[in-house]
Structure formats: C-alpha cells, structure tokens
C-alpha cells in the first residue's frame with residue numbers, strides 16, 4: 039500500500055471515529071507551540087460546529103505570543119472532566135504520549151484514543167494514528183480533514199491554522215515548506231485571513247521580556263567545533279531578573295543558528311524546578327532529532343528539544359558533545 043493511500047485510510051478511520059462520537063477530548067503537548075495549539079483549537083472549533091462536546095486539555099500555559107487564539111474550553115489536567123464520560127480522545131501534534139504531561143493518564147483512560155501528528159519519531163501510541171512524517175505541520179493534516187469533507191475553514195479556524203502552519207515552517211523558510219503549504223495558505227486567505235496583522239504578531243512583534251532576555255543571552259554565545267556549532271544559555275536568575283516566563287524564550291535560538299557558518303545550535307535554560315530545557319536546531323543536511331533523543335526528547339530533523347536533569351554547565355557540555363557527534367556523523 040502506498041504512503042498516500044495509507045494516510046488516506048488513517049484519516050478515514052479517524053473521521054469515522056469522530057462522527058461516531060458525541061464527546062471528544064483533545065490534547066496538546068507540554069511547552070505548547072503554535073502548531074499544537076493552533077491545530078488543536080482549529081479542530082475544536084470545527085468539532086463544536088457539528089455539535090460535538092469538546093474539551094481541550096493542556097498541561098501548561100498558553101505562551102503570551104499566542105494569547106490571541108481562542109482559549110474557551112481549554113483546561114489543565116487537574117481540572118479535566120472524567121475521561122470515562124467521553125467517547126474519543128485525540129492528541130494533536132504530540133510526538134509521544136508522555137509529551138501530554140499530566141494529560142497522558144487521562145488520554146489513556148478514554149474509551150477510544152487517536153492522534154494527529156507529523157513527527158517522524160512518532161511511535162503510533164494511539165488506537166487510531168493519523169500520521170504523516172513528511173507533512174510540514176500538523177496543521178496540514180487538520181486542513182486535509184477539512185478538505186476531505188468539502189468544508190472550507192472559517193475565519194477563526196483560518197487564523198488558528200495559519201498560526202500553526204507558519205510557526206512550524208519558520209514563516210515558510212524551513213526545508214519542510216512545500217507546495218501544499220501555499221495551496222493551504224491560498225484557501226486560508228480566501229476566508230478573509232488578515233495576513234499582515236497576524237504575521238506581524240507572530241514574527242515581528244517582540245515583548246519587552248523577550249528583548250531583555252536577548253540582552254542577557256547574547257553575551258553567552260559560545261562557538262564550538264571550529265565555528266560550525268553555536269549555543270546560548272539563560273539561568274533561572276536571568277529569567278527572574280526580567281520577570282520572564284518560559285514562553286518569552288521562544289525564538290532566542292534563532293540568534294545562534296543564524297550565525298554565519300553555523301550548522302548546529304542549541305539554547306539551554308534553567309527551569310524553576312532545577313532542570314534544564316534544551317532547544318536544538320540544524321541546517322540541512324545535518325540533523326538534531328537523534329541528539330535530542332539521547333536525552334529522552336525528540337522532534338524533527340532540523341528542530342528538536344529535550345529536558346535534562348543536570349546543572350546548566352553540565353547540560354551545556356552534554357548537548358555540545360551530542361551536537362558535535364551529530365555533525366561529524368553526517369555525510370555531506
């Protein structure tokens with residue numbers, strides 16, 4: 039069976055389960071980004087429009103740069119309803135089940151489980167798995183579901199889907215960007231999507247906390263492996279000094295990977311719990327997903343992340359070693 043046919047069969051199976059369900063739980067991943075939230079909220083809006091009871095479970099806070107997205111019906115795991123009362127659970131853009139955080143146990147207790155995802159590292163943890171590792175964003179799979187039913191996105195759905203697609207393709211500059219992205223964008227524009235407004239919010243507008251964190255992160259720039267690697271770091275003290283939240287660090291890693299000559303890069307920061315969060319990036323043909331997996335993380339070839347139970351200095355050393363190995367193991 040061809041990959042295209044398999045994807046179609048997966049989507050048909052999921053759509054059948056949706057239409058057979060009256061109540062549905064949706065799940066986004068921890069440390070939420072534009073794709074997991076935009077895709078999940080777009081799906082939530084569409085399901086509600088066909089009279090489904092829907093609750094979106096999110097273990098974490100919505101990043102401030104995404105606070106324009108509709109947030110009604112989003113609850114934390116501790117406030118989630120009894121999953122036994124729901125017919126179907128759908129994880130959206132969640133590469134492995136533990137990425138749901140506190141929502142994982144709720145997901146597994148639902149009568150039927152499904153997922154929609156585009157991560158190549160996904161192991162198919164649900165009963166129904168609609169996965170396309172070649173898709174540039176999970177938003178594309180949501181869009182395919184809409185189109186399969188001859189349902190054009192509404193304006194609100196288009197805003198959510200644009201948010202998801204544009205952020206996961208780096209505003210359409212990542213290698214994963216393909217013709218389907220622009221076919222989808224044409225349809226979203228037809229809904230009346232105010233592109234200039236949301237493009238500015240997502241890619242130009244910077245919060246004060248981000249700019250102040252940038253001022254603290256840039257002096258930490260560390261070049262390694264003869265200039266093909268670069269890293270940035272922030273301590274918890276740095277975060278507290280500017281009253282920053284985790285979401286305020288989004289985009290800082292770009293200042294490492296965008297240095298001329300750099301092929302692999304990282305950004306590490308301390309968390310209030312004493313762990314270290316790491317974001318990894320690469321320029322093709324190099325990859326960082328396997329490096330992230332060494333520390334229990336994952337993601338895409340060119341963008342991945344992980345958490346480490348070690349000090350900031352130890353994490354920086356370990357990440358650099360993993361990235362050097364990733365760089366040297368790639369045949370160009």
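Residue numbers (my numbering): 39 to 370.
Just so it is clear, CB atoms sit at the ideal spot from N, CA and C, and this is done for glycine as well.
DSSP, read as helix, strand or coil, puts residue 220 in helix.
The residue among 288, 321, 322 with its C-alpha nearest the C-alpha of residue 307 is 288. Per the DSSP secondary-structure output, residue 295 pairs with nothing in a beta bridge. Between residue 356 and the set 331, 88, 338, the nearest pair of CA atoms involves 331.
Per DSSP, the continuous alpha helix (DSSP H) segment holding residue 241 begins and ends at 233–241. A straight line joining the alpha-carbon of residue 102 with that of residue 244 spans about 10 angstroms. Separation of residue 256 and residue 241 (C-alpha to C-alpha, rounded to the nearest whole angstrom) is 19 angstroms. In this structure, the straight-line span from the alpha carbon of residue 369 to that of residue 293 is close to 26 angstroms.
Our two residues, residue 320 and residue 295, have alpha carbons roughly 7 angstroms apart in a direct line. Counted as a single uninterrupted DSSP element, the beta strand (DSSP E) harbouring residue 153 occupies residues 151–155. With contacts defined as CB atoms closer than 8 angstroms, residue 150 and residue 191 fail to qualify as a contacting pair. For residue 85, the closest alpha carbon among the candidates 100, 55, 98 is that of 55. Inter-residue distance for residue 176 and residue 142 is about 19 angstroms (C-alpha atoms, whole angstroms). Residue 137 sits buried, since 16 or more C-beta atoms from the chains shown fall within 10 Å of its C-beta. Look at the region 312–367 and you find these whole runs of beta strand (DSSP E), each 3 residues long or longer: 314–320, 341–346. Bounds of the alpha helix (DSSP H) holding residue 81 are 72–87.
Only residues of its own chain outside the window of five on either side were considered, and among them 142, 163 have a CB closer than 6 angstroms to the CB of residue 135, listed in chain order.
Inter-residue distance for residue 262 and residue 300 is about 9 angstroms (C-alpha atoms, whole angstroms). Taking residue 81 as reference, the option from 184, 268, 115, 105 with the minimal CA-CA separation is 184. Taken through DSSP and simplified to helix, strand or coil, residue 252 comes out as helix.
Membership of residue 179 in the alpha helix (DSSP H) is indicated by the continuous run 176–186.
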